[in-house]
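In the numbering used here, the protein residues as written are 1 to 157. Glycine is no exception: its CB is placed at the ideal position from the N, C-alpha and C atoms. Working notes, structure below.
This is the structure in structure tokens:
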């Protein structure tokens, strides 16, 4: 998740801040070393993103401040994996809805952050509000009694 008001950078941005070529950065992999700022989108090896201020601080001083703990903000940006969990659907369902432009995501526009699709929390709140859960509603009762099955006599041999 990219917190509201924070700027995300990719590996090219990290290379620029550190003053090295992208190839050199990818060969040395300082982002995998202990003490480097954590990714904003952990669990992915492609489309890695970091907080720019944290990377600058780490480059200048070797230390960085953790991101401040803040309550959820409507401008927070969540990637597809986080968005699916936030809305309460499987990641495969979420990706299928995006691919086929299903009603689940219709009318909402994601943002591209260095090639990674992100959804504003406000859009996900709207999606959650209009989403109906599957199955019978809780407390639903039959409108008419069920028909009884007539028992057929078993033939005797």
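What does the alpha-carbon distance come out to for the pair residue i and residue j?
{"i": "residue 139", "j": "residue 147", "result": "21 Å"}
{"i": "residue 80", "j": "residue 92", "result": "10 Å"}
{"i": "residue 59", "j": "residue 104", "result": "42 Å"}
{"i": "residue 149", "j": "residue 135", "result": "25 Å"}
{"i": "residue 119", "j": "residue 144", "result": "45 Å"}
{"i": "residue 111", "j": "residue 30", "result": "28 Å"}
{"i": "residue 10", "j": "residue 131", "result": "33 Å"}
{"i": "residue 7", "j": "residue 17", "result": "14 Å"}
{"i": "residue 67", "j": "residue 137", "result": "41 Å"}
{"i": "residue 128", "j": "residue 95", "result": "16 Å"}
Could you check if residue i is buried or exposed, using at least 16 other CB atoms within 10 Å of its CB as the buried criterion?
{"i": "residue 75", "result": "exposed"}
{"i": "residue 37", "result": "buried"}
{"i": "residue 41", "result": "buried"}
{"i": "residue 102", "result": "exposed"}
{"i": "residue 51", "result": "buried"}
Could you check which residue in the options has the C-alpha nearest to that of residue i?
{"i": "residue 55", "options": "47, 65, 46", "result": "65"}
{"i": "residue 49", "options": "137, 98, 115, 121", "result": "115"}
{"i": "residue 106", "options": "28, 8, 123, 117", "result": "123"}
{"i": "residue 87", "options": "57, 121, 63", "result": "121"}
{"i": "residue 35", "options": "129, 57, 77", "result": "57"}
{"i": "residue 2", "options": "72, 98, 94, 25", "result": "72"}
Compute the beta-carbon to beta-carbon distance between residue i and residue j, rounded to the nearest angstrom, for a pair I have assumed lies under 8 Å.
{"i": "residue 15", "j": "residue 22", "result": "5 Å"}
{"i": "residue 90", "j": "residue 84", "result": "7 Å"}
{"i": "residue 77", "j": "residue 113", "result": "7 Å"}
What alpha helix (DSSP H) runs, 4 residues minimum, are completely inside the stretch 17–103? 22–28, 52–61, 80–87, 91–100
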